[in-house]
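Only one structure is covered here, and it is reproduced in the block below.
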Amino acid sequence: MKKLGLLLGLLLSLTMLKADEGMWLMMLLNKNISQMQEMGLQLTAEDIYNVNHSSMKDGVVVFGPGCTGEMISKDGLLLTNHHCGYANIQALSSEENNYLEDGFWAKTREEELPCEGLSVHFFISMEDVSETVLDGIHDKLSETDRNTIIKRRVDKLIETHSENGKYKVRVVDMFDGNAYYIFIYQEFPDVRFVGSPPTSLGKYGGDADNWTWPRHTADFSLFRVYADKNGNPAPYSEDNVPYQPKFYFPISLAGNEEGDFAMIIGFPGRTDRYANSYEIEMKMKEVNPVIIGGRGRKLDVITAARQKNSKTNIQYADKAAKVSNYWKYTIGQTEQIVNNRVIERKKEVEDQFVQWANASPDREIYRNVIGEYAEIYKELSKTAKGKELYDEVIFSSTDLFDIWKPFYELDTLLQKKYCQPGTRNYQRLIIYFKKKLKDYDTFFKDYDAAVDQEIMSTLLAYFYEESTPEQRPDLFNKLAKKYKGNFKKLTADLYKKSILHDQDALYKFLEKPNVKTLQNDRLHQLLKAFYEHFFANMSDEDEIRDRLDKNDRLFMRGLMEMNPDKLFYPNANSMIRLTYGQVKGYKMRDALMAKHYTTLEGTIAKYEPGSWEFDLPEKLIDLFNAKDYGPYTDKEGRIRACFLTNNDITGGNSGSPVINGKGELIGCAFDGNWEAMSSDLFFETHVQRTIAVDIRYILFVIDKIGDAQHLIDEMKIVK
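By my numbering, the letter at position 597 of the sequence shown is numbered 599, and the numbering carries on one by one without gaps.
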């Protein structure tokens, strides 16, 4: 217990804010507020994080499954990125009402569109519960016993703090299991679409500009949070009213300049800043090439199909965006791991760690940590490529895999005596699948069997090329031989006689399911063969995962003991964080300095009429030619499109508010830059930048493109 107390004290002393690098825990702001104020912050720590009174943290929400949003009016108006709202906009779009291509602006509250399945989570509070969770936990415990004890304590904390379901509670480990924090949220499930620019603005630059600077994207969308008449969370109802948030951001028209204070609050998803060199080498050699190869091929098929058909374009818009984003991210990460010497720098840290561990008999527990990493990743590397081929190429190949898993379980159950027709269990199966029909309706709305078939044939060929015979199920090896490697013909035959991709046939089967139909469905049987082969031969052993978890924990603890004066911060884990720094350009390469902002002039310069990625609405061209900019210009009379800060963000921060020293909204964060694509593994001080859309550009588009001045009227605008 004494050792735990010393470690927790070390964590608290080390978790101090530093400009630019770091995604920091908000409850510790008091330790560093003076440094922030020296940089230009004009607020107190209590203005930002306060559990007893309204504060800035009450105006930032988890938007959907993995983005950030901020409240910008007293009536629950919410700002986030266009790409964060993209899936919901796509789901609401049709050929008749193509909100993706045409944009959408609700003129009244009645015109705001309910978004099925979308919710936001307001952050309530957080607390360090390390002593409760880790009391009595010691290094000699087996990982199984350790995890069992911790899970029991975590479950108890969640039960206690949820207040019978009123709150959503997460207890998460920090510093690789050396500390635990509890986060409490309140979910609001009635969120409605209010407005967004057309894709030609909201995704301007497309894949070509993604993850790069300079940018000119109006990457924003607007939603509204609704509650019941008492201000409590409630499912969608016509009786619900706009939610009155505890805090909403004032919006600044003053703009920003190089060196200005900038702060971002959001929910960064995942970083691995303390990863070891062996893990990164494995990613480089075994994992990333599969992601790039698989997603690139899938994206080619989807893009070609979207360009041929307007309905398919809408159906696969969000799917393409998700495939493309991580595909290009992985290309960039792989390139910058080399350019930024990430592996070499990690090895330098590891060499120092070994020297430190060997310098004192008190550090014996740390002496074999680096050697253990070498052994662990030697084992993991043997199956890393094969596992990734299954994850990226097979399990993510056909859209049908999204709905197929229950049919695998159904196949198994229908072979049991207790699930035969006429039994109570059989009737329960029918009832279960009837309840899922609504999900299947949603699936088939955005499904094209011809596109799916082309994706599968392409990726089956890729899987066959990259895998060994042992990594493939016997059935697939036999089919590949039978069809002489003609995977297009193989897939066509599989789809021709399958019920899985035919909505009518599938629903008819579910009225009276039988095992014979599934046994005769060759597509089902192939998916089943892949699934069973993976779990029988390719999944990691628990023993090696336990070794890795323990080693990660020791390495992290040792790093902090080795560097008592260094500022450490926990890896991102989708919980609320704060980062602060400055508005700042950077040196892109020799003799090329990147300015900290772009303008509408640059947007027009990229314009390519009819282009898939660089077309623009005619209305914007007219406004530019007339210089009809309204009150949204800088001192030189220009519209600024985007700007840079040196804040530390990652995926999950998309949609985060960029805040000036007065606590006013100056932008909406949406991307990082190419030169720092290795930043999830190592912060790149000199080149790492956050890309944000300027709030004045957002207001300009709402007003002049959307003719939605009524939305601006409900915001608090300051000059």
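C-beta: ideal position from N, C-alpha, C; glycine also. This structure is a prediction, so every number in the text was calculated from the model and none was measured.
Between Asn565 and Trp329, the alpha-carbon positions lie close to 36 Å from each other. Taking 9 Å as the cut-off, the beta carbon of Thr601 is found closer than this to the beta carbon of Ala643. Classified as buried, Gly197 has 16 or more neighbouring CB atoms from the shown chains inside 10 Å of its CB. The residue among Tyr449, Val453, Tyr392, Lys419 with its C-alpha nearest the C-alpha of Phe465 is Tyr392. With fewer than 16 other beta carbons inside 10 angstroms of its own, Thr110 counts as exposed. Between the alpha carbons of Asp141 and Gln521 lies a distance of about 50 Å. Just measuring C-alpha positions, the residue of Glu350, Leu461, Met717, Asp404 sitting nearest Leu502 is Asp404. With contacts defined as CB atoms closer than 9 Å, Cys670 and Phe222 qualify as a contacting pair. Around the CB of Leu402, 16 or more other CB atoms lie within 10 Å, so the residue is classed as buried. For Tyr280, the enclosing alpha helix (DSSP H) has its first and last residue at 279–284. Bridge partners of Tyr582 according to DSSP: Met265. In the three-state scheme derived from DSSP, where H, G and I count as helix and E and B as strand, His218 is classed as coil.
Taken through DSSP and simplified to helix, strand or coil, Lys142 comes out as coil. With the rule of 3 Cβ pairs closer than 8 Å, the stretch 323–338 does not count as touching the stretch 476–484. Inter-residue distance for Lys321 and Gln92 is about 10 Å (C-alpha atoms, whole angstroms). Comparing C-alpha distances from Trp676 to each of Glu686, Ser132, Ile668 shows the shortest one belongs to Glu686. Minimum Cα-Cα distance from Gly583 among the listed residues Ala607, Lys310, Gly261 corresponds to Gly261.
Judged by beta-carbon spacing, Met38 lies beyond the 9 Å limit of Met128, meaning their Cβ atoms are not closer than that value.
Collapsing the DSSP output to three states places Phe185 in a strand.
Here the stretch 253–271 makes contact with the stretch 644–657; the two share three or more CB pairs at distances below 8 Å.
Closest in C-alpha terms to Ser658, from the list Lys76, Gly632, Leu81, comes Leu81.
Under the three-state reduction of DSSP, Ala643 is assigned to strand. For Phe125, the secondary structure class from DSSP, reduced to helix, strand or coil, is strand. Lys384: member of the alpha helix (DSSP H) spanning 371–390, first to last residue. In chain order, Val292, Ile293, Gly296 place their CB closer than 6 Å to the CB of Glu394, counting only its own chain and leaving out the 5 sequence neighbours on each side.
Shortest Cα-Cα distance from Pro199 to any of Ala210, Asn212, Glu189, Phe225 involves Phe225. Put simply, the stretch 613–626 touches the stretch 198–215. At least three CB pairs are less than 8 Å apart.
Taken through DSSP and simplified to helix, strand or coil, Phe570 comes out as coil. Between Ser254 and Asn648, the CB-CB gap reaches or exceeds 9 Å. The alpha-carbon separation between Ala694 and Thr150 amounts to approximately 43 Å. Between Asp192 and Tyr238, the beta carbon gap of about 5 Å places them in contact (Cβ cut-off 8 Å). Setting aside the 5 residues that flank it on each side, Met717 is surrounded in the same chain by Ile74, Ser75, Ile253, each with a C-beta closer than 6 Å to its C-beta; the list follows chain order. Secondary structure within the stretch 611–666: the beta strand (DSSP E) runs of 3 or more consecutive residues, fully enclosed, are 642–647, 659–661 (chain order). DSSP places Gly298 inside the alpha helix (DSSP H), whose first and last residues are 290–310. Straight through space, the alpha carbons of Lys248 and Gly61 are spaced by roughly 7 Å.
For Gly604, no beta strand (DSSP E) encloses it; the enclosing alpha helix (DSSP H) starts and ends at 602–608.
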